[in-house]
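Residue numbers (UniProt numbering): 1 to 254.
Virtual Cβ for every residue (Gly too), placed ideally from N, Cα, C.
Predicted, not measured: the structure shown is a model, and the values here were computed from it.
For reference, the structure is listed below as structure tokens.
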Amino acid sequence: MARRRLVYEGKAKILYEGPEPGTYVQYFKDDATAFNAEKFDVIDGKGVLNNRISEHIMTALTGIGIPNHFIRRINMREQLIRACEIIPLEVVVRNVAAGSLSKRLGIDEGTALPRPIIEFYYKDDKLGDPMVTEEHIVAFNWAAQQDIDDIISLALRVNDFLSGLFLGVGIKLVDFKVETGRIWDGDFQRIILADEISPDSCRLWDVKTGQKLDKDVFRRDLGSLTDAYSEVARRLGILPEGGKGGKAGPKLVH
Ligand code: UDP
1 MARRRLVYEG KAKILYEGPE PGTYVQYFKD DATAFNAEKF DVIDGKGVLN
51 NRISEHIMTA LTGIGIPNHF IRRINMREQL IRACEIIPLE VVVRNVAAGS
101 LSKRLGIDEG TALPRPIIEF YYKDDKLGDP MVTEEHIVAF NWAAQQDIDD
151 IISLALRVND FLSGLFLGVG IKLVDFKVET GRIWDGDFQR IILADEISPD
201 SCRLWDVKTG QKLDKDVFRR DLGSLTDAYS EVARRLGILP EGGKGGKAGP
251 KLVH
């Protein structure tokens, strides 16, 4: 069998050329990195969980008309996606103060924000993904003002939907990061969601206990990352209650 062409290897995922033009295969690794890759570990099973959780979320977003690159899951670690031209920005949406916002502005972690706050970071590992403003984005031609407006409305729709989805299973969506890309329909371009949405890219806190169910478990050495991600998957109804097999529905939390 011919070997697949590697398109790009990132910290947590690999992109291969897909079976048809305009598609890629996105492979989820078990590698975990934090603090711009200064902290590194291989966490058995993380890739499988993120592949499944991201599939679940992207499929739900498609269901409410939010365009994204997900086509279908191929196997435990791979999904078929639509190739798009990645816009070099990390788009962060915050509902509750945490992480770098708390540090930068001296706001206690857990403080509810008066409204969702969107931030942009320029994707460049060498520079440590610096925060940028809309002025930088337009001036340096990373995206046009119209693209930024589309990205903001996309990000806010995702935030509203995901906040509700997670709250329904007893999880608070504190903040998350998305990436976007362009696809072309003839002369018209559309912005779609790309990358992944998983506990690697969200902060998820148990509503009752405040327990962290996201990558902060790894960043801050708070216990087993796969236990935390499995709990998210279990509550979303994509891991059966307490074991393998079966098709449990979402767990209702009263
Ligand atoms: N985030 C991410 N990738 C990054 C940086 C941040 O997925 O390279 C996510 C992170 O998991 C959190 C949100 O974006 O859900 C906001 O992260 P923050 O700016 O607080 O940075 P951190 O504390 O992770 O350095």
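What did DSSP end up calling T209 once you bin it into helix, strand or coil?
In the structure shown, the three-state DSSP call for T209 is coil.
Restricting to Cα atoms, I'd like to know which of F28, R5, K13 is closest to residue 338.
Residue 338 is absent from the structure shown; the chain starts at 1 and stops at 254.
Checking the sheet assignment: what are the DSSP bridge partners for T23?
Answer is R82, bridged to T23.
Flag D31 as yes when its Cβ comes closer than 6 Å to any non-hydrogen atom of the ligand UDP, and as no otherwise.
Not so, every heavy atom of the ligand UDP lies at least 6 Å from the Cβ.
Mapping the DSSP letters down to three states, classify L236 as helix, strand or coil.
In the three-state reduction of the DSSP assignment, L236 falls in the coil class, being assigned neither a helical nor a strand state.
Residue nearest to E122 in terms of C-alpha spacing, selected from K13, P116, P130
Here residue 122 is Tyr; the residue named in the question, Glu, does not match the sequence. Y122 has its Cα closest to that of P130, out of K13, P116, P130.
Given R73, which residues of its chain have a CB within under 6 Å of its CB, disregarding the five upstream and five downstream residues?
Excluding sequence neighbours, R73 sits near E55, Q79.
W184: buried (16+ other C-beta within 10 angstroms of its C-beta) or exposed?
W184 comes out exposed.
Residue interval of the beta strand (DSSP E) (run including R72):
For R72, the enclosing beta strand (DSSP E) stretches over residues 70-73.
Own chain partners of D108 with C-beta closer than 8 Å, once the 5 adjacent residues on each side are dropped
Cβ within range, chain order: A97, S102.
Taking 6 Å as the cut-off, is the CB of K123 close to at least one heavy atom of the ligand UDP?
No, since every heavy atom of the ligand UDP falls outside the 6 Å radius drawn around the Cβ of K123.
Backbone secondary structure at M131 - three-state DSSP
If DSSP states are grouped into helix, strand and coil, M131 belongs with the strands.
Does the segment 130-147 come close enough to the segment 161-176 to have 3 or more Cβ pairs within less than 8 Å?
By the C-beta criterion, the segment 130-147 is judged not to be in contact with the segment 161-176, since fewer than 3 inter-stretch pairs fall below 8 Å.
Return the CA-CA distance between T59 and F40, expressed in angstroms with no decimal places.
Here the alpha carbons of F40 and T59 stand approximately 30 Å from one another.
Which of helix, strand or coil does DSSP assign to N89?
In the sequence under discussion, the amino acid at residue 89 is Leu, which differs from the Asn named in the question. If DSSP states are grouped into helix, strand and coil, L89 belongs with the strands.
So what does Y121 bridge to, in DSSP terms?
Residue pairing from DSSP places Y121 in a beta bridge opposite E90, M131.
In terms of residues, what are the limits of the beta strand (DSSP E) holding V169?
Careful: V169 lies outside any beta strand (DSSP E) and carries neither H nor E.
On a CA-only basis, which of C84, V91, G128 is nearest A37? Give me that one, please.
Residue G128 is the option with its Cα nearest to A37.
Which first and last residues belong to the alpha helix (DSSP H) in which L101 is found?
In this chain, the alpha helix (DSSP H) harbouring L101 covers 99-105.
For A32, report the span of its alpha helix (DSSP H) as first-last.
From DSSP, A32 is part of no alpha helix (DSSP H) but of the beta strand (DSSP E) over 31-34.
What's the call for G245, buried or exposed, on a 16-neighbour Cβ count within 10 Å?
Any reading at G245 must be qualified, since the residue scores a pLDDT of 40, below 50, and its modelled position is unreliable; the value itself is stated next. Per the 10 Å Cβ criterion, exposed.
Please identify the residue among R220, R94, S201, R219 whose C-alpha is closest to the C-alpha of N159.
The option with the nearest alpha carbon to N159 is R94.
Taking C-alpha atoms, which residue in G18, S230, Q211, V232 lies nearest to L222?
Nearest option by C-alpha distance: Q211.
The beta strand (DSSP E) that contains K39, what's its start and end?
From DSSP, the beta strand (DSSP E) with K39 extends over 39-42.
Go through its chain and collect everything with a Cβ distance to S201's Cβ below 7 Å, but skip five positions before and after it.
Within the same chain, and ignoring the five residues on either side of S201 in sequence, the residues whose Cβ sits closer than 7 Å to its Cβ are F176, K177.
Selection from G110, L162, I191 that minimises the alpha carbon distance to T209
Taking each of G110, L162, I191 in turn and checking the Cα distance to T209, the smallest one comes out for G110.
Would you identify the three-state DSSP class for A228, choosing helix, strand or coil?
In the three-state DSSP reduction, A228 falls in the helix class (H, G or I).
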